[in-house]
Amino acid sequence: MNLRALIIMSSTLLVGLLPGCSDSEQAPGPANMIGQEPNLTSQAVLEESMNPFFVDSPLYLNYPQFDLIENAHYLPAFVRGMTEQLAEVDAIANQAEQPTFENTILAMELSGQLLNRVSSVFYAMASAHTNDEIRALQQQLAPDLAAHDDAIMLNRNLFARIHALWEEREALELNAESKRLLEQYHIDFIRAGAALNIDQQQRMRQINAQLATLQTRYSQNILSEVNDLAIVVDTREELAGLDASLVAAAAEEAGERGMPGKFVLPLLNTSNQPALASLQNRALRERIHTISLSRGNRGGDFDNREGLVQLLKLRAERAQLLGYENHAHFILEDSTAQTVTAVNQLLAQLAPPAVTNARQEAADIQQMINDAGEDFLLAAWDWDFYTEKVRAARFEFDERQLRPYFELNNVLLKGVFFAAEQLYGIRFEERTDLPVYSEDVRVFEVFDTVGTTLALFITDYYARPSKRGGAWNGSYIVQSDLLNTQPVMANHLNITKPTSGEATLLTIDEVSTMFHEFGHALHVMFSSVEYPYFSGTRVPRDFVEYPSQVNEVWSTWPAVLENYAIHYVTGEPMPAALLAKVLSARKFNQGYATTEYLAAAILDQALHQVSPDEVPNAEALMDFEMAVLNKAGVLLPEVPPRYRSTYFNHIMGGYSAGYYSYIWSEVLDADSADWFVENGGLLRSNGDHFRRTLLSRGGSEEAMTLFRNFRGRDADIAPLLERRGLN
Numbered sequence: 026m027n028l029r030a031l032i033i034m035s036s037t038l039l040v041g042l043l044p045g046c047s048d049s050e051q052a053p054g055p056a057n058m059i060g061q062e063p064n065l066t067s068q069a070v071l072e073e074s075m076n077p078f079f080v081d082s083p084l085y086l087n088y089p090q091f092d093l094i095e096n097a098h099y100l101p102a103f104v105r106g107m108t109e110q111l112a113e114v115d116a117i118a119n120q121a122e123q124p125t126f127e128n129t130i131l132a133m134e135l136s137g138q139l140l141n142r143v144s145s146v147f148y149a150m151a152s153a154h155t156n157d158e159i160r161a162l163q164q165q166l167a168p169d170l171a172a173h174d175d176a177i178m179l180n181r182n183l184f185a186r187i188h189a190l191w192e193e194r195e196a197l198e199l200n201a202e203s204k205r206l207l208e209q210y211h212i213d214f215i216r217a218g219a220a221l222n223i224d225q226q227q228r229m230r231q232i233n234a235q236l237a238t239l240q241t242r243y244s245q246n247i248l249s250e251v252n253d254l255a256i257v258v259d260t261r262e263e264l265a266g267l268d269a270s271l272v273a274a275a276a277e278e279a280g281e282r283g284m285p286g287k288f289v290l291p292l293l294n295t296s297n298q299p300a301l302a303s304l305q306n307r308a309l310r311e312r313i314h315t316i317s318l319s320r321g322n323r324g325g326d327f328d329n330r331e332g333l334v335q336l337l338k339l340r341a342e343r344a345q346l347l348g349y350e351n352h353a354h355f356i357l358e359d360s361t362a363q364t365v366t367a368v369n370q371l372l373a374q375l376a377p378p379a380v381t382n383a384r385q386e387a388a389d390i391q392q393m394i395n396d397a398g399e400d401f402l403l404a405a406w407d408w409d410f411y412t413e414k415v416r417a418a419r420f421e422f423d424e425r426q427l428r429p430y431f432e433l434n435n436v437l438l439k440g441v442f443f444a445a446e447q448l449y450g451i452r453f454e455e456r457t458d459l460p461v462y463s464e465d466v467r468v469f470e471v472f473d474t475v476g477t478t479l480a481l482f483i484t485d486y487y488a489r490p491s492k493r494g495g496a497w498n499g500s501y502i503v504q505s506d507l508l509n510t511q512p513v514m515a516n517h518l519n520i521t522k523p524t525s526g527e528a529t530l531l532t533i534d535e536v537s538t539m540f541h542e543f544g545h546a547l548h549v550m551f552s553s554v555e556y557p558y559f560s561g562t563r564v565p566r567d568f569v570e571y572p573s574q575v576n577e578v579w580s581t582w583p584a585v586l587e588n589y590a591i592h593y594v595t596g597e598p599m600p601a602a603l604l605a606k607v608l609s610a611r612k613f614n615q616g617y618a619t620t621e622y623l624a625a626a627i628l629d630q631a632l633h634q635v636s637p638d639e640v641p642n643a644e645a646l647m648d649f650e651m652a653v654l655n656k657a658g659v660l661l662p663e664v665p666p667r668y669r670s671t672y673f674n675h676i677m678g679g680y681s682a683g684y685y686s687y688i689w690s691e692v693l694d695a696d697s698a699d700w701f702v703e704n705g706g707l708l709r710s711n712g713d714h715f716r717r718t719l720l721s722r723g724g725s726e727e728a729m730t731l732f733r734n735f736r737g738r739d740a741d742i743a744p745l746l747e748r749r750g751l752n
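Residue 26 is where the sequence shown starts when you use my numbering, and the numbers rise one by one after that.
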């Protein structure tokens, strides 16, 4: 059943088929959906007055009404939201008055408020707390929302008005932010195909609808695979070495899945799995690793190979339709890197020293294996387990010693928040009066230096079957002077939840991730721009990770680490000797970490630097992957890429041909960290400078101009090479 039929059954505003969307482009029927159909009966009888999306939320800062929102509310709100925005766009495009900035660009910024409200909540829940109805509706809506975007971006009358203003932009006497907004609108419409002829635009609509469906199905398959392939362990003895709290959590997970007496280890997003660092049972480690790498390429209902091949061909065709050699050229033109050559050169520059270091690390691990009297060659599933032994021998500690000092609440309140309080003068108060969508979710009001409310910040840190893997920041409300709105944003992690009454103890990587995601939140909450287009993290993809990576610096900054690294039982601070070892070990295992990341970034580029007829078929996809890694010199059996092509969710979530962004941003981050060191570190004056020159500006100025305004010069790669031990 397609969206048009659902619209008719829902007795809401009837928009029929969205412009440019043919019958063949509609969402798949029930046979092609995962899960159950939405509850159509409840949708059909839903009274308008009961739909919380139809008006701004009356809660503080328009915080979402999670206690009132039901699955049945989404479809009517999407239908009305698309209808209203198309009517608004039609009025803008076809008005008799000559185009002005106010009646065209400003009017576009004000359009689509209802659609924005429902989309922000729906897609947040699709990632953080999904269910069968949301998954089914997500599949159904994907091509229709793509068609809705095309109806706007390919509107020839609207583009004519924007183009006329663009040609006159120097004479319009606009302020800098308004002029940039006009220029960005013009770029966006060109890149969407607004200048193509009618036939080309029709093909563009078909491609976008097909891509929307394929991307949604790919991401949903990943979550289905994670849940379907969770590792079932029969006996407690097999889990020897695993932290007792994690064993208890595995037993509880098994009980919830109807397998009492067994143990279930859920898979996390990446190729590598955290349990491999401590499990003594080598056969179990191998099983976990092999299953992890099989996701999406083992056959069955959730195999992603065929869908990914179709998607890559369509992306390549779309790029060529727009005049680009391939999808990577198309994506990178709109980044700070700008060219495929620049990205390829950076990855090629970093790969040899990373691999050299990884090989030396592998040799050290093999020596450790030999010295222990073991008779086997190092394999990927051994790396983390024996790395911890090497770390213990070299630095006289292992990561398990750190976990008691990294209790989640201490890390959040006395680490993440403390660093922000010291740097920026802001403060946090927990709000228990606002509704949440899960019992694990917390809400904090953030106050600015003068005591006024700055934002609402949501934390959602625990893993659950309804949540996709990885970590991310999302926004429900963005800051905009035009809309008179303040930010409401959320950080999401996937930390294993302990059994009831047990403390949540983090790994050092999870601590770093918490600081990282809060860096995105700071970028959002400090935004001070006129137009929502430029708010917060709405910057080039290879710049967005830069402020968040800068915030990771504070996770191991001595004054911050001393404040939050407190033993969860004794209350004693981490011993100075152990703290010194933690800091001295920061370059440890960086060959592995850099190589596994670079392998994924190189794979992403290879998948998107091909023409439509160069895309491998589904059967050859994994061989293509191996050939790419081999050619780049990063094919190490002991170091698999962080993501393989069939579970590489980043390339569906905005990072297609953009996964290099983390290392590109780290060049800026490492250079910025040096600036903080040179200027005294954790000082309000430093935080105020970073906030004023960069964090508050969002995308209202060119990204590298913002960096230069902060740093005082262009970026230098040397600090990155030093940090990762690649110099």
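Positions of the beta carbon are idealized from the N, C-alpha and C atoms, including for glycine.
- By the Cβ rule, the segment 629-641 does not count as touching the segment 452-469, because fewer than three pairs are nearer than 8 Å.
- A straight-line Cα-Cα distance of about 29 Å links Glu342 and Asn141.
- With a 10 Å radius around the Cβ and a threshold of 16 neighbouring Cβ atoms, Ser463 comes out exposed.
- When DSSP states are grouped into helix, strand and coil, Tyr243 belongs to the helix group.
- For Ser500, the enclosing beta strand (DSSP E) covers residues Trp497 to Ile502.
- The beta-carbon distance between Ile313 and Leu290, rounded to whole angstroms, is 7 Å. This is short enough to meet the 8 Å contact definition.
- Between the C-alpha atoms of Leu586 and Leu604 there is a straight-line separation of about 8 Å.
- Where Asn576 is concerned, there is no enclosing beta strand (DSSP E), although the alpha helix (DSSP H) around it starts and stops at Arg566 to Glu577.
- At the C-beta level, Val441 and Phe540 come within 7 Å of one another.
- Secondary structure note for Glu587: its alpha helix (DSSP H) is the uninterrupted segment Pro583 to Tyr589.
- Contact between Gly561 and Gly723 holds: CB atoms are separated by about 5 Å, below the 8 Å threshold.
- Burial state of Gln110 is buried, judged by a 10 Å Cβ sphere holding 16 or more other Cβ atoms.
- When Asn435, Ala405, Met550 and Gly398 are compared, the shortest CA-CA separation from Val471 is found for Met550.
- By DSSP's assignment, Arg452 forms a beta bridge with Phe472.
- Judged by DSSP in its simplified three-state form, Asp485 adopts strand.
- Under the DSSP assignment, Val368 falls in the alpha helix (DSSP H) whose first and last residues are Val365 to Asp396.
- In this structure Val146 does not touch Tyr486 by the C-beta definition: roughly 20 Å separates them, more than the 8 Å allowed.
- Remark: fewer than three beta-carbon pairs, one from each stretch, lie closer than 8 Å, so the segment 518-531 and the segment 165-185 are not flagged as touching.
- The residues Ala695, in chain order, have a CB closer than 7 Å to that of Arg748 in the same chain once the five nearest residues on each side in sequence are set aside.
- Approximately 7 Å separates the beta-carbon atoms of Ala625 and Phe673; this is inside 8 Å, confirming the contact.
- Burial check for Leu608: the Cβ neighbour count within 10 Å stays below 16, so the residue is exposed.
- DSSP places Ile742 outside both helix and strand once states are collapsed to three, so it counts as coil.
- Sorting Asn322, Leu131 and Arg416 by C-alpha distance to the C-alpha of Leu190 places Leu131 at the top.
- Counting C-beta pairs closer than 8 Å gives fewer than three between the segment 276-283 and the segment 378-393, which falls short of the contact rule.
- For the set Thr260, Leu309 and Ala237, the Cα lying nearest the Cα of Phe288 is the one of Thr260.
- Annotation: Asn519 to Phe543 spans about 15 Å, alpha carbon to alpha carbon.
- Taking the Cα positions, Leu336 is about 14 Å away from Met229.
- Each residue's CA atom was taken as its position, placing Gln245 and Thr595 some 43 Å apart.
- For Met550, the uninterrupted alpha helix (DSSP H) run begins and ends at Ile533 to Met550, by DSSP.
- Counting C-beta pairs with one atom in each stretch, the segment 181-189 and the segment 111-129 have three or more that are closer than 8 Å, which means they touch.
- Runs of beta strand (DSSP E) with 3 or more residues, each lying fully within the segment 149-204, are absent.
- Its Cα nearest to that of Ile177, the residue Tyr210 stands out among Tyr210, Ser296 and Arg323.
- Val664 is bridged by DSSP to Leu661.
- The shortest CA-to-CA distance from His633 to any of Trp579, Ala682, His675 and Leu661 is the one to Ala682.
- Per DSSP, the beta bridge partners of Ala515 are Ile483 and Gly499.
- Rounded to the nearest whole angstrom, the CA to CA distance from Thr478 to Leu745 is 36 Å.
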